[in-house]
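The listed protein sequences correspond, in order, to chains R and X. Going letter by letter, the first sequence gives residues 32 to 392 in the numbering used here. Going letter by letter, the second sequence gives residues 1015 to 1195 in the numbering used here. Inspection log for the structure reproduced underneath, given as structure tokens.
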Amino acid sequence: MRWFQAKRGAAVCTRRWIWIGTTFLAAACSGGDASRSIARPDGIQDLVTWGPATVLEENDDVVSVLIRVSIDPSGGFLIADEQESQIRRYGPSGNLLAHFGSKGQGPMEFSFLNRAMRLPSGEVLALDTYYRGAVFDSSGSTVVRTFRTPVGPLHAGTILNDSVALLGGQVRTGRSDDRERRLHLWNFRRDTLFSSFFAPAIEGRARKVAANTAGFVDVAVRGDTIAAIFALSDTVYLFQTNGDVVDKIPVPFRFFRHLSEDVPLPSPNAGVVKAREWIGSFSMIANVFWLPDGSFLVQYQDRNGPTPQWRLMHMGRHGQHLREVVDSPQLLAVDSSGPTLYFVDPSSLTPDRWKAARLRD
Amino acid sequence: MESRSPARLNRSCASLLALALIWGCGEAAPDLHRVGERLPDGLGQAVENGADVVWVLRPEDYLTCQTAADAIRRAQRLHGSALEITVISVGSRPEWVRAFLVRQRIDAEVRPVPHEEFVALFGYPPAATLYLTRDGVIRHALITSPQGDGMAAVPRLLEDLVLGPKEIRGGADQLSSKEKT
């Protein structure tokens, strides 16, 4: 039974109308203001126009399971598959050019591969979720060097130049206030952590518990400015590359479900199902993408057990609400040269099938 | 899942059930069915001369330990439709199990079995287990650590059970390129 390639269309339409009805009822019962009580989410077709579909080539050794995508300036894509701990180079049409890396502790191996990115030098930087990384030659056939980092679990990573990576996560050593900072500048050529910043406020017992489980961060860089998000905070934070705060922009969500301290925490013995149901009671921001016109795409999720349900917010540089889609396919990457957005194909349940898109004017 | 190894399918003539015991991220192993025994009747999945994996999953298994998923996925890609996988979903939320399998790219039939029924069928509480049988008989028992150390052996065990021991089967050299070092 090929249910894992089944179509999502009918279920998508049904869920949108359920969401609209639930939102209306919830607002009415809570006495929300008139504009919020009739807020209606946008459809993905209100946000984008669709382009060509792409199917990532797979074979006996290559299957897309849990992937993170970076645009390869050389053309095509670099993909890090966390579940397979494999790096893949794909051409623009989804043709597999190379794959390397595997599970393990050796130089070309990873525990949970998190990111793979092309350096200005042409080499490939690969980051594990836990405390290490490697630089490969441009083809991926040779490890140039390996290194250990103090950051783990890694939630985000991007390249600032040919020597410095911006890592998102926490360090487990150092002073307690150091450990609260979630962005770090790491010189991977010299194995040097030279700056840490961004300590989002986490107050309240529920938020502390949620932050331990789902305290993700993500980053986007434009010029000499870093945009960062924290999973539980409805704000886009802007920093200079030295860590100085530039701005804090509230995200004008209409459908984001904030974590409530009034919802009882599951007891320690309640079991994983109850824990997952509690995690499913609030939304979490997953990604931020910074577009050439200065606007942001903020992707957030609501979990249903093991499955994330994706939402996508398009906001202006100064916090203007543009569009908010509550039943979005997963946005994997943005190529700023278009800008072209790469989504998991809305009709696919697996991440090997994509569709390109452009934002509507 | 489409077979990518038709030659292997043609050679396979045995059921394939791997018994890999994953003890719920560190739990003590219950007294399970052992090598040489048969799985209880009533599950409806046992194929005497076919390849069959029966994977017992509880929510605390698929929401935490996913190391077995890696091994099963690789084995399924290697052996294709020669490897039939049935997941016995014990506990609430069988729809979560289906979603988990989709995300893990594993093609499997899911059979929800209430906890009480599982105990009645098996005679012990459910634990995270893989049952791999050949000709309806359990052939291997594999206990893994929470880190999934034992899972590395599963592909080789499955290959031996599908294709027969290397010293007997022909074309072993064709397979060596597929073995991970």
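Here a beta-carbon is modelled for each residue, glycine too, at the ideal position from N, C-alpha and C. Owing to the predicted nature of the structure, the values given are computational and were not obtained by experimental measurement.
Buried or exposed: Glu1098 of chain X, going by 16 or more other Cβ atoms within 10 Å of its Cβ? Here residue 1098 of chain X refers to the residue found at position 84 of the second sequence. Result: buried.
Determine, using beta carbons only, whether Asp1084 of chain X and Gln114 of chain R come nearer to each other than 8 Å. By one-based count along the second sequence, residue 1084 of chain X stands at place 70. By one-based count along the first sequence, residue 114 of chain R stands at place 83. Going by C-beta atoms, Asp1084 of chain X is nearer than 8 Å to Gln114 of chain R.
Let me check understanding here. Comparing Cα to Cα, which of R:Arg220, R:Gly325 and R:Arg285 lies closest to Arg71 of chain R? Numbered from its first residue, the first sequence carries residue 71 of chain R at position 40. For the residues R:Arg220, R:Gly325 and R:Arg285, the minimum Cα distance to Arg71 of chain R belongs to R:Arg285.
With distances taken Cα to Cα, identify the nearest neighbour of Asp265 of chain R among R:Thr256, R:Asn273, R:Gly274 and R:Lys279. The sequence position of residue 265 of chain R within the first sequence is 234, counting from 1. Minimum Cα distance to Asp265 of chain R is reached at R:Lys279.
Whole-angstrom Cβ separation of Arg342 of chain R and Ser359 of chain R, contact assumed at under 8 Å? Within the first sequence, numbered from 1, the residue matching residue 342 of chain R stands at position 311. Within the first sequence, numbered from 1, the residue matching residue 359 of chain R stands at position 328. At roughly 6 Å, the Cβ-Cβ gap stays under 8 Å, so Arg342 of chain R and Ser359 of chain R are in contact.
How many Å lie between Leu174 of chain R and Arg1088 of chain X at the Cα? In the first sequence, the residue the question calls residue 174 of chain R occupies position 143. In the second sequence, the residue the question calls residue 1088 of chain X occupies position 74. The question names Leu, but residue 174 of chain R in the sequence shown is Val. One C-alpha to the other measures close to 25 Å.
What does the alpha-carbon distance come out to for the pair Glu1068 of chain X and Val304 of chain R? Residue numbering aside, residue 1068 of chain X sits at position 54 when the second sequence is read from its first letter. Residue numbering aside, residue 304 of chain R sits at position 273 when the first sequence is read from its first letter. Here residue 1068 of chain X turns out to be Val, not Glu, going by the sequence shown. Using only the alpha carbons, I get a separation of about 23 Å.
Do you know offhand how far Glu1051 of chain X's Cα is from Ile1152 of chain X's? As a working note, residue 1051 of chain X is residue 37 in the second sequence. As a working note, residue 1152 of chain X is residue 138 in the second sequence. Spanning the two alpha carbons is a distance of roughly 6 Å.
Based on the DSSP output, what are the partners of Gln351 of chain R in its beta bridges? By 1-based counting over the first sequence, the position of residue 351 of chain R is 320. In the DSSP output, where bridge partners are listed per residue, Gln351 of chain R has none listed.
Under a three-way DSSP split, which group does Leu1035 of chain X fall into? The residue you call residue 1035 of chain X lines up with position 21 of the second sequence. Per-residue confidence for Leu1035 of chain X stands at a pLDDT of 30, beneath the threshold of 50, marking its modelled position as unreliable; the derived number appears in the next sentence. Three-state DSSP puts Leu1035 of chain X in a strand.
Secondary structure at Asp278 of chain R, three-state DSSP: helix, strand or coil? Your numbering for residue 278 of chain R matches position 247 in the first sequence. DSSP places Asp278 of chain R in strand when its eight states are reduced to three.
Can you grab the Cα-Cα spacing for the pair Ala157 of chain R / Asp103 of chain R, in whole Å? Position 126 of the first sequence, counting from 1, holds the residue named residue 157 of chain R. Position 72 of the first sequence, counting from 1, holds the residue named residue 103 of chain R. About 13 Å.
Work out the CA separation of Gln271 of chain R and Glu154 of chain R for me, nearest whole Å. To locate residue 154 of chain R, count along the first sequence from 1; it is residue 123. To locate residue 271 of chain R, count along the first sequence from 1; it is residue 240. Whole-angstrom Cα-Cα distance: 26 Å.
In whole angstroms, give me the CA-to-CA distance for Thr371 of chain R and Thr189 of chain R. For the purposes of this step, residue 371 of chain R is taken as residue 340 along the first sequence, with counting starting at 1. For the purposes of this step, residue 189 of chain R is taken as residue 158 along the first sequence, with counting starting at 1. Each residue's Cα considered, the two are about 19 Å apart.
Counting pairs of beta carbons, one from the segment 108–125 of chain R and one from the segment 78–96 of chain R, are three or more of them closer than 8 Å? yes
So which residues of chain R does Ala1113 of chain X contact, with C-beta pairs closer than 7 Å? Here residue 1113 of chain X refers to the residue found at position 99 when the second sequence is read from its first residue. Neighbours of Ala1113 of chain X on chain R, chain order: Gly336, Pro337 and Thr338.
To the nearest angstrom, how far is the alpha carbon of Leu263 of chain R from that of Asn318 of chain R? On the first sequence, position 232 is the one that residue 263 of chain R refers to. On the first sequence, position 287 is the one that residue 318 of chain R refers to. Roughly 12 Å between the two C-alpha positions.
Does DSSP classify Gly199 of chain R as helix, strand or coil? Here residue 199 of chain R corresponds to residue number 168 of the first sequence, with the count starting at 1. Strand at Gly199 of chain R.
Going by DSSP in three states, Leu263 of chain R sits in which element: helix, strand or coil? Residue numbering aside, residue 263 of chain R sits at position 232 when the first sequence is read from its first letter. Coil, per DSSP.
Taking Cβ-Cβ distances shorter than 9 Å, what residues in chain X pair up with Gln8 of chain R? This structure does not reach residue 8 of chain R, given that chain R is present from 32 up to 392, and the question cannot be answered.
Since Leu1177 of chain X meets chain R, which of its residues come closer than 7 Å, beta carbon to beta carbon? The residue you call residue 1177 of chain X lines up with position 163 of the second sequence. Chain R residues near Leu1177 of chain X: none, gap ~15 Å exceeds 7 Å.
Enclosing alpha helix (DSSP H) for Ile233 of chain R [first to last residue]: Residue 233 of chain R sits at position 202 when you count from the first residue of the first sequence. Careful: Ile233 of chain R lies outside any alpha helix (DSSP H) and carries neither H nor E.
Report the residue from R:Trp321, R:Ser101 and R:Val166 whose alpha carbon sits nearest the alpha carbon of Asp222 of chain R. Within the first sequence, residue 222 of chain R is the residue found at index 191, counting from 1. That would be R:Val166, whose Cα lies nearest to the Cα of Asp222 of chain R.
Can you name, in chain order, every residue of its own chain whose Cβ lies under 7 Å from the Cβ of Gly1105 of chain X, other than the five neighbours on each side? By one-based count along the second sequence, residue 1105 of chain X stands at place 91. Excluding positions up to five away in sequence, the list reads Arg1072, Pro1073 and His1129.
Who are the near neighbours of Thr180 of chain R in its chain, counting only those whose CB is closer than 7 Å to its CB and skipping five residues on each side? Counted from its first residue, the first sequence places residue 180 of chain R at position 149. For Thr180 of chain R, where only same-chain residues beyond five positions count, the Cβ hits under 7 Å are Tyr162, Arg163, Gly164, Leu198 and Trp217.
With distances taken from CA atoms, which of R:Leu296, R:Asp275 and R:Leu214 is nearest Ile28 of chain R? This structure cannot speak to residue 28 of chain R, because chain R is shown only from 32 to 392.
Contact with chain X by Arg307 of chain R, beta-carbon distance below 8 Å: Taking the first sequence and counting its residues from 1, one reaches residue 307 of chain R at position 276. By this cut-off, Arg307 of chain R is an interface position.
Drop a sphere of 10 angstroms on the beta-carbon of Lys239 of chain R, count the other beta-carbons inside from all chains shown, and report buried for 16 or more, exposed for fewer. The residue you call residue 239 of chain R lines up with position 208 of the first sequence. That one is exposed.
Do you know offhand how far Thr244 of chain R's Cα is from Arg99 of chain R's? For the purposes of this step, residue 244 of chain R is taken as the residue at position 213 of the first sequence. For the purposes of this step, residue 99 of chain R is taken as the residue at position 68 of the first sequence. If I take the Cα positions, the gap works out to 20 Å.
Could you list which residues in chain X have their beta carbon closer than 9 Å to that of Thr410 of chain R, in chain order? Nothing can be reported for residue 410 of chain R: it is not among the residues displayed for chain R, which extend from 32 to 392.
Please compile the residues from chain R whose C-beta is within a distance smaller than 8 Å of the C-beta of Tyr1076 of chain X. Translated into positions along the second sequence, residue 1076 of chain X becomes position 62. The contacting residues are Pro337.
With a threshold of 7 Å on Cβ separation, who are the neighbours of Ala306 of chain R within its own chain once the five nearest residues in sequence on each side are excluded? Within the first sequence, numbered from 1, the residue matching residue 306 of chain R stands at position 275. Only Pro297 meet the Cβ criterion.
Unbroken alpha helix (DSSP H) run spanning Arg307 of chain R, endpoints: Your numbering for residue 307 of chain R matches position 276 in the first sequence. It spans Val303 to Ile310 - the alpha helix (DSSP H) in which Arg307 of chain R sits, taken as one unbroken run.
Pairwise C-alpha distance: Leu109 of chain R and Val94 of chain R: Mapped onto the first sequence, residue 94 of chain R falls at position 63. Mapped onto the first sequence, residue 109 of chain R falls at position 78. Answer to the nearest angstrom: the Cα atoms are 14 Å apart.
Return yes when the Cβ of Trp321 of chain R is within less than 8 Å of the Cβ of Phe327 of chain R, no when it is not. Taking the first residue of the first sequence as 1, we reach residue 327 of chain R at position 296. Taking the first residue of the first sequence as 1, we reach residue 321 of chain R at position 290. Yes.
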